[in-house]
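S.K.:
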Amino acid sequence: MVSLVLSQDLQHKAMESCNKEDALHLIRRDASGNDFLGWIDLPKEITIEDICKIERVAQRLRRLSEMVIIVGIGGSYLGARAVISAIRGELSDSLPEIIYAGHQMSQDYMHALLQRMDKKDYAIIVISKSGTTTEPAVAFRLLKQHCEAKYGKNGAKERVVCITDAKRGALKSLANNEGYDTFVIPDDVGGRYSVLTPVGLLPIAAAECDIKQLVQGAADMKISLSHLDDDNMALQYAAVRNYFLRQGKNIEVMASFDSRFYYFIEWWKQLYGESEGKDGKGLFPAGLLYTTDLHSMGQYMQEGQRLFFETFLSLKHSNASCQVPYDESDMDGLNFLAGKTLEDINHEAERATILAHEQGGVPTIKLEIEKMDEYHLGQLIYFFEYACGLSAYMLQVNPFNQPGVEAYKNNMFALLRKPGYEDKYEQIQAAVKNLL
Ligand code: PA5
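Just so you know, the sequence shown maps onto residues 528 to 963 in the working numbering.
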């Protein structure tokens, strides 16, 4: 089981002072955003038939390709990337290779991807709930043309799968027109809460990860969070975050001693940043990977401004073992470590860091995960989603909208002269010139 480790004293202070009444909106489903609570029941609603359908399509994509390209941005790709990279690890040479597109606008990245597509057989999973987001839409236009040129219209039909809204959006009409396989994102599930829908499950299955175990982990976590009493781990985490925020700790640093958590932390950053950062409120979610970042940010963490608290995402057991060998000459002076595993050393580095940071004035809490596998990742995903809903309602913000994301889009559309934005062009152009 995933477990939250925090001192009795902190737990007591946080629970005593937390705004539990507001957190209860998540359970009562009676506050703004309550039309986006479909993710709460997903783990028990996903049927074996749903899983089998996803696995069948994933199998076909794997059979046809050496490379699966996932097109999406934000909540439409981060959950899948978090799980796939945590399971496969950085040095994986598993097939099919999983590549991402539409999560940025770099021209050089796209150019390199198109060149790779010349050489390799591939499939494409394109994900957009709105079906109109510029980054994935532009990427998909390029990829679709490449796919049709390489495999023909019929070949493309086998290789392209769309995941989008049931009825609305350009991607839906395009998929219908072309006859692509389509999966639906439920109306009441927002992007960053959609890992346990086909948005996350199809790419994860395409990477040959075990989606049954992922869903099972989430389902078990759901059960363990079902009573909102003082032992509820998600309530404790939400209460602690809000407690630290009131103490002037404006940043939560999520730190891990395992690099496989890199994209998981990216997913967590989006979940909390987009859910809470509104109305001038919210902790700023930041991420660090140790020991790597102890050699770049360690100095700041130890002695810089005391702006943050730190949550350690801690892995108890590695999947493989690697021991420091004994060396007769001991020229490097490391024989004191001979016989120890890298895991032993990493765990002591973690304990040493927690103590040093506490002594340096950084409050710390820890989330322990038994093992890096789909089951435990499923638990962690559901835990963070649930705690995020509670935490945002405690903060009295709607966890499920993201109105602020429109500001840059409106400016960009005006500058790019998108139809409908013509009137704004002069004004935005002048404002930008004044600034830059
Ligand atoms: O969490 C969210 O809602 C966002 O991050 C979206 O997932 C992101 O903006 C992509 O939107 P869409 O799936 O509509 O292309």
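We treat Cβ as the ideally placed atom computed from N, Cα and C, and that holds for glycine. As the structure is a computational prediction, the values presented were derived from the model and not from experiment.
Could you tell me which residues DSSP puts in a beta bridge with Ser592?
M.R.: Bridge partners of Ser592: none, in fact.
S.K.: If you scan the segment 632–662 from start to end, which runs of the beta strand (DSSP E) of 3 or more residues do you find wholly inside it?
M.R.: Taking only runs of at least 3 residues, the beta strand (DSSP E) segments lying wholly in the segment 632–662 are 649–655.
S.K.: Do the CB positions of Val711 and Ala607 come within less than 9 Å of each other?
M.R.: No, Cβ-Cβ distance for Val711 and Ala607 is not below 9 Å.
S.K.: Report the partner residues of Met899 according to the DSSP bridge assignment.
M.R.: Per DSSP, none; premise fails for Met899.
S.K.: Any contact between the segment 767–784 and the segment 603–620? By contact I mean 3 or more CB pairs, one from each, below 8 Å.
M.R.: Short answer: they don't touch.
S.K.: Compute the minimum distance between the beta carbon of Glu801 and the heavy atoms of the ligand PA5, and state whether it is under 8 Å.
M.R.: Yes - the ligand PA5 has a heavy atom lying nearer than 8 Å to the Cβ of Glu801.
S.K.: Starting from Met781, follow the beta strand (DSSP E) in both directions and report where the run begins and ends.
M.R.: Residues 778–783.
S.K.: Is there at least one non-hydrogen atom of the ligand PA5 closer than 8 Å to the beta-carbon of Gln929?
M.R.: Yes; taking the cut-off as 8 Å, the Cβ of Gln929 has a heavy atom of the ligand PA5 nearer than that.
S.K.: Taking only heavy atoms of the ligand PA5 into account, decide whether any of them is closer than 8 Å to the Cβ of Lys898.
M.R.: Checking every heavy atom of the ligand PA5 against the Cβ of Lys898, none is found closer than 8 Å.
S.K.: Helix, strand or coil for Val716? Go by DSSP, reduced to three states.
M.R.: Coil.
S.K.: Note down, in chain order, each residue of its chain lying with its Cβ closer than 6 Å to the Cβ of Ser918, except the 5 sequence neighbours on either side.
M.R.: Cβ within range, chain order: Ala765, Arg768.
S.K.: Tell me which same chain residues have a C-beta within less than 8 Å of the C-beta of Lys540, skipping the five on either side of it?
M.R.: Correct list, in chain order: Tyr770.
S.K.: So what does Leu842 bridge to, in DSSP terms?
M.R.: Leu842 is bridged to Ile896.
S.K.: Let me know if Gln672 comes out buried or exposed under the rule of 16 or more other beta-carbons within 10 Å of its beta-carbon.
M.R.: Exposed, because fewer than 16 other Cβ atoms sit within 10 Å of the Cβ of Gln672.
S.K.: If you reduce the DSSP assignment to three classes, tell me which class Leu815 lands in.
M.R.: Here Leu815 sits in strand by DSSP.
S.K.: Determine whether the beta carbon atoms of Phe927 and Tyr720 lie at a separation below 9 Å.
M.R.: In this structure, Tyr720 lies closer than 9 Å to Phe927 by Cβ.
S.K.: From the DSSP secondary-structure annotation, give me the bridge partner or partners of Tyr799.
M.R.: DSSP lists no partner for Tyr799.
S.K.: Alpha carbon to alpha carbon, how far is Asn561 from Gln929?
M.R.: Approximately 14 Å between the Cα atoms of the pair.
S.K.: Given this structure, state the Cα-to-Cα distance separating Cys674 from Glu662, to the nearest angstrom.
M.R.: Roughly 18 Å between the two C-alpha positions.
S.K.: Kindly examine the ligand PA5 and report whether one of its heavy atoms sits closer than 8 Å to the Cβ of Arg944.
M.R.: Not under cutoff, so the answer is no.
S.K.: Using alpha carbons as the reference points, say which of His844, Met858, Arg833 lies closest to Leu869.
M.R.: Nearest C-alpha to Leu869: His844.
S.K.: Hey, would you say the C-beta of Ser841 is under 8 Å away from at least one heavy atom of the ligand PA5?
M.R.: Every heavy atom of the ligand PA5 is 8 Å or more from the Cβ of Ser841, so no.
S.K.: Give, in chain order, every unbroken run of the alpha helix (DSSP H) that is at least 4 residues long and sits entirely within the segment 691–746.
M.R.: For the segment 691–746, whole alpha helix (DSSP H) runs of length 4 or above, ordered along the chain, are 697–705, 725–733.
S.K.: Identify every residue that forms a DSSP beta bridge with Glu624.
M.R.: Partner(s): Met594.
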